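What follows is a single structure, written as structure tokens, with notes after it.
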Amino acid sequence: MDSLYVQLGGEETIDKVVEQLYRNVLNDSDLAPFFDGINVPLQQRKFLLFLNLATDGPHHYSGLELRSAHANVVEKGASEMHVDKLLDHLKSALEQVDADSDLIEAVIHRVKCYTGDVLGH
Ligand code: HEM
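Under my numbering, the first residue of the sequence shown carries the number 2, and numbering increases by one thereafter.
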């Protein structure tokens with residue numbers, strides 16, 4: 002069976018998803034303030050690599066641990082609600098590239114598994 006990465010359409014699709022995700026996130030007044038001063042293209046690249054990890058893609062995610070990467074974000078008050086909003090934005094970005102609903106559910110499930118790391122639980 003192909004990896005989720007391949008089923009989604011590979012790098013071209015994932016690129017579009019990440020672009021759309023950050024468009025959604027930066028338009029969300031609850032999430033945007035957390036990204037003040039963040040280099041967005043670099044952040045997109047990191048999230049793209051993270052999605053490779055979450056969907057068994059070919060590129061290696063060699064960034065910081067999600068836990069340490071989000072320590073500041075948690076200190077500034079990020080909670081489950083913020084993660085849920087980010088996941089909703091990811092879901093709509095996947096819908097915009099016409100991914101199958103089963104596939105969308107599988108990706109969201111995989112990414113949601115990292116919530117504990119992100120929130121430092
Ligand atoms: C399951 C949910 C999430 C995942 C999978 C995720 C993933 C990532 C990844 C891969 C990075 C790059 C880390 C690195 O430097 O290697 C990152 C950074 C970041 N994330 Fe998240 N994230 C999530 C939720 C959130 C939420 C809810 C917020 C805001 C409320 C947020 C704000 C940030 C910020 C501001 C950075 C940049 C940190 C910095 O460069 O100093 N993230 N995230």
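We put the beta carbon where it would ideally sit given N, CA and C, even for glycine.
As the structure is a prediction and not an experimental result, all values here were calculated from the model.
When the Cα atoms are used, what is the spatial distance from residue i to residue j?
i, j, result
"S30", "R24", "12 Å"
"G58", "V7", "7 Å"
"L65", "S102", "31 Å"
"K47", "H71", "13 Å"
"V112", "S80", "16 Å"
"M82", "S69", "20 Å"
"D99", "K77", "35 Å"
"L50", "K17", "13 Å"
"L87", "I39", "16 Å"
"L33", "G11", "Reading the sequence as shown, one finds Ala at residue 33 and not Leu. So the two alpha carbons sit approximately 28 Å from each other."
"E20", "Q97", "11 Å"
"I105", "L9", "9 Å"
"V74", "S4", "31 Å"
"I109", "L43", "22 Å"
"L67", "V119", "5 Å"
"H122", "H60", "27 Å"
"D37", "V26", "12 Å"
"N28", "F35", "12 Å"
Reducing DSSP to helix, strand and coil, say where residue i ends up.
i, result
"H110", "helix"
"D101", "coil"
"G121", "coil"
"S4", "coil"
"G10", "coil"
"Y115", "coil"
> Mind pulling the beta strand (DSSP E) runs of 3 or more residues that sit fully within the region 28-90?
Replying inline: none
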